[in-house]
Amino acid sequence: MTSSLPSSPFAAGTKITDPRFFVGRKEELQVMMARMTAMPPISVNIVGPRRIGKSSLLYHFFQTYEQRVSAPTRYVVIYLSLQDSRCQREDGLYQAVAWELWHNHTVIQNVALVEPLRVKPFNRLAFSAAMEHYKRLGVLPVLCLDEFGPLFRHPDQFDNGFFDNLRSLMESGVLMLVVASHRRLNFYQRRHKIRSTFFKLWEVLSLGELTQQEAQALVCLPASKITGTTPTLTIQEQQLAMQWSKRHPYLLQLAASLLYEARQLGRDEIWAKAEFNKEARRVPKLPWKFTKRTSYSIIFICFVIIFLAIVLVSISLLSPLPIGELLQNVLRK
């Protein structure tokens, strides 16, 4: 019901938890679903700088996977942030996973899925046995692990044995992981000198800015997602949000939130822009991405440079004058 909608649909700086207000990332979601339903499943590493929307994408996948597959009871998907204090120890991580699995409604409705989670202590051996038990029942556990980087701060807990065990479960199709990290996982492997081949099994999804269409849908919330509603922002505010943010997901949310707040407080767009600039300075710049157009332009420029170099060399071979003097004569003319 539209009466239950919040006053503002924008979420600046926090994970989007209301699926009605999640916009875009359709291609990434399709890839994640395709890898989950593949035989065997392929684990996915979602990569991007801070505030690019990794957590929101991961959480939205967890929230909506049942709507995207034909046989949802064949999958049990959980979301867990590894910034959780329980995840500073190996056994604590397994127990946190067990807790989240236990509260999945597919597991709750099937006693056979609950029983292996009751084992004490729930350590590496018990975790692996539970995952293998799920496979025998035709169920794939999919662990969406947010903020994977903090694991590497505890090398005494998360060592080669830990990663090798996960690799074995992944390779045998017992388990799928979808993890979010600031850098590709093999970067952490090199930095922390980890020998495990766990880090070679991933499909990488790198997140960048939204498309023009996705960004437009975001600033038009809730109308772009919920029939019978109107946009929270005016047309002028929508245009300003697009202009300020350059389609960066967090900056779009921030600009939209501040423009809405300014209107509610009776402030003008100058105030909103000043507040926006304060926060925007803290956001990491996105790496420059090659598009087809820029690639073609670079190739063309290189071709022109090579062609001119060949022409100059040919002229220098045919002319008795040195190339420098020859160029000076040409420029004088």
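When we follow the UniProt record's numbering, the leftmost residue of the sequence shown carries the number 1, and every step to the right adds one.
Cβ atoms here follow ideal geometry from the backbone N, Cα and C, with glycine treated the same way.
Shown here, L254 sits in a helix according to DSSP, grouped into three states. When secondary structure is reduced to three states using DSSP, E203 falls in the strand class. In terms of CA proximity to Y75, L143 leads the group R153, L143, V97 and A215.
Secondary structure at L218: helix, using DSSP grouped into helix, strand and coil. Excluding sequence positions up to five before and after Y79, its CB lies within less than 6 Å of the CB of Y59, F62 and C144, all in the same chain and listed in chain order.
In this structure the stretch 62-71 does not lie against the stretch 125-135, because fewer than three pairs of beta carbons, one per stretch, are closer than 8 Å.
At the C-beta level, S81 and D156 stay beyond 8 Å of one another.
Under DSSP, the beta-bridge partners assigned to V179 are N45 and L145. When L185, A129 and V107 are compared, the shortest CA-CA separation from S168 is found for A129.
Rounded to whole angstroms, the gap between the alpha carbons of A11 and L254 is 8 Å. Judged by DSSP secondary structure, V31 falls within the alpha helix (DSSP H) whose first and last residues are K26 to T37. When DSSP states are grouped into helix, strand and coil, V139 belongs to the coil group. The alpha-carbon of A272 is positioned some 25 Å away from that of K225.
With 16 or more neighbouring CB atoms inside 10 Å of its own CB, S56 falls in the buried class. Straight through space, the alpha carbons of A223 and T230 are spaced by roughly 5 Å. If the five residues before and after L258 are omitted, its C-beta is found closer than 6 Å to the C-beta atoms of A272, E275 and F276, all from its own chain and listed in chain order. With contacts defined by Cβ atoms closer than 8 Å, L233 and G48 do not form a contacting pair.
In the three-state reduction of the DSSP assignment, V77 falls in the strand class. Judged by their CB atoms, L252 and A241 are nearer to each other than the 8 Å cut-off. Looking at E237, F158 and V111, the one whose alpha-carbon comes closest to that of D91 is F158. A contact is defined here as three or more CB-CB pairs under 8 Å, and the stretch 32-50 fails this definition with respect to the stretch 94-113. Just so you know, the alpha carbons of W102 and I270 end up roughly 50 Å apart. For S172, the number of other beta carbons within 10 angstroms of its own is below 16, and it is reported as exposed. Under the three-state reduction of DSSP output, K225 falls in the coil class, being neither helix nor strand.
Pairing G13 with A280, the inter-Cα distance amounts to about 11 Å. In the DSSP assignment, V69 falls outside any alpha helix (DSSP H) and carries neither an H nor an E.
Take F127, set aside five residues on each side of it, and the residues of its chain with a beta-carbon closer than 6 Å to its own are Y94, in chain order. In the displayed model, K285 falls within coil according to three-state DSSP, outside both helix and strand. Here C220 has P231, L233 and Q238 as same chain residues with Cβ atoms under 8 Å from its own Cβ, once five neighbours each way along the sequence are excluded. Selection V23, T37 and Q189 evaluated against G149 yields Q189 as nearest (Cα-Cα). The shortest C-alpha to C-alpha distance from I46 to any of M32, A38, M36 and V114 is the one to M32.
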